[in-house]
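Visitor: The structure that follows is given in the form of structure tokens.
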Amino acid sequence: MEYQWFLQKFEAFVGVNPWTMLFAWLNLLILYLFLKKLAFVPLKRMIDSRQKEIDDMYSEAEISRTDAENMKTEYEKKLSEAHSESEAILKDAQRRALLREEEIIKEANDEAARTLKRAEEQIELEKKHALNQVKNEVSEMAISIASAVIERDVKAEEHSDLIDDFINNMGDEK
Amino acid sequence: MKNKKIIVRLAVLFAVLAVISGLCLLVALLYDAIPVPEDDGALISPNGARVIFGIPALQEISESIPILELGNILTVTTISLCAVTLILVVLACVLTRGLKKRPTGVQIVIEKLVTMLYNLVEDTMGKHNAKFAPYIGTLFLSSILGTLLGMTQLLPSATADLSVTLAWALVTTGMVWYNNIKNFGFGAWLKGFTEPIVVMTPMNIVSEIAQPISLAFRHFGNVAGGGVLTALIYAALAGLSQLVFSFLPDMISQIPFLQVGIPAFLSVYFDLFSGFVQALVFSLLTMVYVGGACPPPEEIPDNRREKTEKKGQKAN
């Protein structure tokens with residue numbers, strides 16, 4: 798009797814009810830399908846798509862950052878190049894200006910020298926000319942004086958040597 | 081630091097409570113105050129789930145069969161199971177309404193939980209087995225909610241019925257066998273029983289059969305045992321209460337004052353903690369067993385892989 802009671806209780810406690818098992822399976826299946834469709838898959842998709850978006854954003858940001866960095870170095874290089882170039886241009890211009898200055902001064906000096914020389918030559922020429930004129934007039938005067946003195950026509954052709962000598966001597970005496 | 085202090089205090093509290101309950105039981109036993117548990121309609125009792133609808137003819141037949149109970153078609157456990165399904169479906173409908181790319185409020189919490197689930201599955205079973213995550217999640221939620229349902233005292237814990245846990249365990253075994261045969265072939269699966277040496281075959285077979293049984297009994301035993309213990313403590317506290325307040329008039333001393341409060345603390349362990357741990361253990365073991373049957377694609381023998389790939393292409 799005692800044994801029978803125990804067996805009955807035991808069976809009631811750990812007995813397996815196939816109907817309950819069937820319901821457990823059905824419930825599990827229904828729950829699985831519902832939760833998968835309603836919760837797990839959409840939520841996972843949402844999480845994954847967000848993750849992907851974030852990853853994309855980060856990689857894009859990384860790309861643009863490297864781009865910007867490359868540009869920066871490029872610009873810096875270009876800027877320094879421009880600096881050195883402008884410096885070179887400036888130096889060249891200075892050098893050329895100096896050269897030109899010297900040239901101009903030299904030209905001016907040359908011009909002045911030339912002008913001076915020409916003026917001197919002119920003066921010399923004028924002097925010679927005036928001297929010659931004076932000589933001619935003096936010789937004419939001498940001839941007329943001499944003709945008046947000797948009352949005779951002095952032939953200029955015959956006595957030009959004599960007159961020239963005289964004038965030269967006169968000039969020397971001066 | 082703060083958490084540590086709280087945990088230490090809780091542990092001390094639990095230890096003290098355990099000692100108190102033990103003393104209660106002892107006193108009650110000494111004074112013969114524990115009433116013999118009758119079939120008084122307690123939700124969790126050693127008498128199995130209450131039968132709502134049964135067929136007498138089948139019940140008579142099943143009395144001659146030792147473990148099977150063919151006659152009881154509808155029990156409270158089934159109602160609990162349906163309640164769990166209903167609650168979870170409604171929760172899923174309500175909580176996942178209007179999902180947004182920029183989450184707010186509840187969605188953050190749910191997404192965190194789902195991420196945790198997928199991480200757990202991927203850590204335990206490998207990245208290639210992420211497709212099992214919805215099933216594991218369903219199993220975990222049914223298990224924990226099935227256990228917690230017992231706390232409402234309106235319905236019993238669904239997991240306090242061996243039929244339920246056995247059904248779930250058999251699903252696990254079925255998945256293991258199906259995946260083993262799919263991935264390694266029927267012959268290789270059978271041959272696996274003779275490894276590492278032929279003599280081990282009977283043991284391997286026994287361990288294969290023991291797997292779902294141990295899985296089912298572990299979960300069932302924890303929840304049902306907790307329920308039985310709670311019932312016993314209630315009875316002991318009732319006896320102790322009568323003893324302590326015996327100087328009061330009969331009308332008042334019949335009220336079990338000591339049943340207030342103390343069982344609540346025990347419930348934290350037996351229902352909340354144990355329920356969570358058992359759900360986790362059941363899911364984890366399912367993951368481990370099924371994961372073992374689903375190795376990464378590169379470890380599957382070439383001839384099998386081609387077959388499954390062809391099947392997959394056909395399905396696509």
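One line per chain: the protein sequences are A and B, in this order.
Quick note: the first sequence uses my numbering, first residue 798, plus one each step.
Quick note: the second sequence uses my numbering, first residue 81, plus one each step.
Ideal Cβ placement from N, Cα and C applies to all residues, glycine included.
(1) I'd like to know if the segment 240-257 of chain B and the segment 852-866 of chain A are in contact, where contact means that at least 3 CB-CB pairs between them fall below 8 Å.
(2) Scan the segment 234-264 of chain B for residues whose Cβ lies nearer than 9 Å to a Cβ of chain A and list them as they occur along the chain.
(3) Please confirm whether L840(A) and E191(B) have their CB atoms less than 7 Å apart.
(4) Grouping DSSP H, G and I as helix and E and B as strand, with all else coil, what is I86(B)?
(5) Go ahead and pull the three-state DSSP assignment for I153(B).
(6) So the candidates are K271(B), I261(B), V348(B), F353(B); which of them puts its Cα closest to the Cα of H299(B)?
(7) Over what stretch of residues does the beta strand (DSSP E) that includes I132(B) continue unbroken?
(8) Once the 5 residues before and after L150(B) are set aside, which same chain residues still bring their CB inside 6 Å of it?
(9) Which first and last residues belong to the alpha helix (DSSP H) in which I947(A) is found?
(10) Is the beta carbon of V156(B) sitting closer than 7 Å to the one on P236(B)?
(11) Compare the beta carbon distance of S321(B) and F220(B) with 7 Å and say whether it is the shorter of the two.
(12) Any beta carbon of chain A sitting closer than 7 Å to that of Y215(B)?
(13) By the criterion of Cβ-Cβ separation under 7 Å, what are the contact partners of A172(B) in chain A?
(14) Near I960(A), what residues of its chain come up, given a Cβ to Cβ distance below 7 Å and the 5 sequence neighbours on each side ignored?
(15) In chain order, which alpha helix (DSSP H) runs of at least 4 residues are fully inside the segment 810-839 of chain A?
(16) Check the Cβ-Cβ distances between T204(B) and every residue of chain A, and say whether any is below 7 Å.
(17) Which chain C residues are close to T184(B), counting only those with a beta carbon under 9 Å from its beta carbon?
(18) Going by beta carbon distance, what residues of the same chain come within less than 6 Å of A373(B), once the five residues before and after it are set aside?
(19) Quick one: is A213(B) buried, meaning 16 or more other Cβ sit within 10 Å of its Cβ, or exposed?
(20) Do L835(A) and A344(B) have their C-beta atoms closer together than 7 Å?
(21) Let me confirm a value: A821(A) is counted as buried when at least 16 other C-beta atoms fall within 10 Å, else exposed. Which label applies?
(22) Closer than 7 Å, CB to CB, is T366(B) near chain A or not?
(23) With burial defined as no fewer than 16 other Cβ atoms inside 10 Å of the residue's Cβ, what is the status of D962(A): buried or exposed?
(24) N263(B): which of V92(B), I86(B), P375(B) sits nearest, CA to CA?
(25) Is the beta carbon of V303(B) sitting closer than 7 Å to the one on T218(B)?
(26) Spell out whether any CB of chain A is found under 7 Å from the CB atom of L168(B).
(27) Short check: CB of T310(B) to CB of F337(B), under 7 Å?
(28) Return no unless some Cβ of chain A is closer than 7 Å to the Cβ of I188(B).
(29) Among L323(B), W269(B), V164(B), E288(B), whose alpha-carbon lies nearest the alpha-carbon of S223(B)?
(30) What residue range is occupied by the uninterrupted alpha helix (DSSP H) comprising V201(B)?
(31) Counting only beta-carbon separations shorter than 7 Å, does I313(B) have a partner in chain A?
(32) Can you look up A98(B) in the DSSP assignment and give me helix, strand or coil?
(33) Just tell me which of Q187(B), S160(B), A98(B), I342(B) has its CA closest to the CA of T232(B).
(34) At a Cβ cut of 7 Å, what residues of the segment 804-825 of chain A count as close to chain B, listed as they run along the chain?
(35) Would you report the Cα separation of I132(B) and L228(B), rounded to the nearest angstrom?
Guide: Put simply:
(1) no
(2) A238, D241, L242, S243, V244, T245, L246, A247, W248, L250, V251
(3) Counting from one through the first sequence, the residue named residue 840(A) turns up at place 43. Counting from one through the second sequence, the residue named residue 191(B) turns up at place 111. Result yes, Cβ atoms of L840(A) and E191(B) sit closer than 7 Å.
(4) Residue 86(B) sits at position 6 when you count from the first residue of the second sequence. Three-state result, I86(B): helix.
(5) Translated into positions along the second sequence, residue 153(B) becomes position 73. Strand at I153(B).
(6) Position 219 of the second sequence, counting from 1, holds the residue named residue 299(B). Closest by alpha carbon: F353(B).
(7) Indexing the second sequence from 1 puts residue 132(B) at position 52. Note, I132(B): beta strand (DSSP E), 131-134.
(8) One-based indexing of the second sequence puts residue 150(B) at position 70. Contacts found: L138, S142.
(9) Against the first sequence, residue 947(A) aligns to sequence position 150. Run containing I947(A): 838-947, per the alpha helix (DSSP H) assignment.
(10) The residue labelled residue 156(B) in the question sits at position 76 within the second sequence. The residue labelled residue 236(B) in the question sits at position 156 within the second sequence. Contact flag set, yes.
(11) Walking along the second sequence from the start, residue 321(B) turns up at place 241. Walking along the second sequence from the start, residue 220(B) turns up at place 140. In this structure, F220(B) does not lie closer than 7 Å to S321(B) by Cβ.
(12) As a first step, residue 215(B) must be located in the second sequence, where it is residue number 135. With 7 Å as the cut-off, Y215(B) counts as an interface residue toward chain A.
(13) Numbered from its first residue, the second sequence carries residue 172(B) at position 92. Within chain A, the residues near A172(B) are F831, L832, L835, A836.
(14) On the first sequence, position 163 is the one that residue 960(A) refers to. For I960(A), where only same-chain residues beyond five positions count, the Cβ hits under 7 Å are S936, A939, I940.
(15) 815-832
(16) As a first step, residue 204(B) must be located in the second sequence, where it is residue number 124. No - not a single Cβ of chain A is within 7 Å of the one on T204(B).
(17) In the structure shown, chain C does not exist; the protein chains are A and B.
(18) Here residue 373(B) refers to the residue found at position 293 of the second sequence. Same-chain partners within the cutoff: V256, N259, N260.
(19) Your numbering for residue 213(B) matches position 133 in the second sequence. That one is buried.
(20) Residue numbering aside, residue 835(A) sits at position 38 when the first sequence is read from its first letter. Residue numbering aside, residue 344(B) sits at position 264 when the second sequence is read from its first letter. In this structure, A344(B) does not lie closer than 7 Å to L835(A) by Cβ.
(21) As a working note, residue 821(A) is residue 24 in the first sequence. A821(A) should be labelled buried.
(22) Locating residue 366(B) in the second sequence gives position 286, where the first residue counts as 1. Chain A, which has no Cβ nearer than 7 Å to the Cβ of T366(B), makes this no.
(23) Position 165 of the first sequence, counted from the start, is the residue given in the question as residue 962(A). It counts as exposed.
(24) Counting from one through the second sequence, the residue named residue 263(B) turns up at place 183. Of V92(B), I86(B), P375(B), the residue nearest in Cα terms is P375(B).
(25) Within the second sequence, numbered from 1, the residue matching residue 303(B) stands at position 223. Within the second sequence, numbered from 1, the residue matching residue 218(B) stands at position 138. Contact flag unset, no.
(26) By one-based count along the second sequence, residue 168(B) stands at place 88. Closer than 7 Å: yes.
(27) Indexing the second sequence from 1 puts residue 310(B) at position 230. Indexing the second sequence from 1 puts residue 337(B) at position 257. Cβ distance not < 7 Å, so T310(B) and F337(B) don't count as in contact.
(28) Here residue 188(B) refers to the residue found at position 108 of the second sequence. No - not a single Cβ of chain A is within 7 Å of the one on I188(B).
(29) Counted from its first residue, the second sequence places residue 223(B) at position 143. Ranking L323(B), W269(B), V164(B), E288(B) by Cα distance to S223(B) puts V164(B) first.
(30) To locate residue 201(B), count along the second sequence from 1; it is residue 121. Per DSSP, V201(B) belongs to the alpha helix (DSSP H) from 186-205.
(31) Within the second sequence, residue 313(B) is the residue found at index 233, counting from 1. No, its Cβ sits nowhere closer than 7 Å to a Cβ of chain A.
(32) Reading the second sequence from its first residue, position 18 is the one you call residue 98(B). If DSSP states are grouped into helix, strand and coil, A98(B) belongs with the helices.
(33) Your numbering for residue 232(B) matches position 152 in the second sequence. Closest by alpha carbon: S160(B).
(34) K806, E808, A809, F810, V811, G812, V813, N814, P815, W816, T817, M818, F820, A821, W822, N824, L825
(35) Here residue 132(B) is taken as the residue at index 52 of the second sequence, counted from 1. Here residue 228(B) is taken as the residue at index 148 of the second sequence, counted from 1. Near 21 Å, if we compare the C-alpha coordinates of L228(B) and I132(B).
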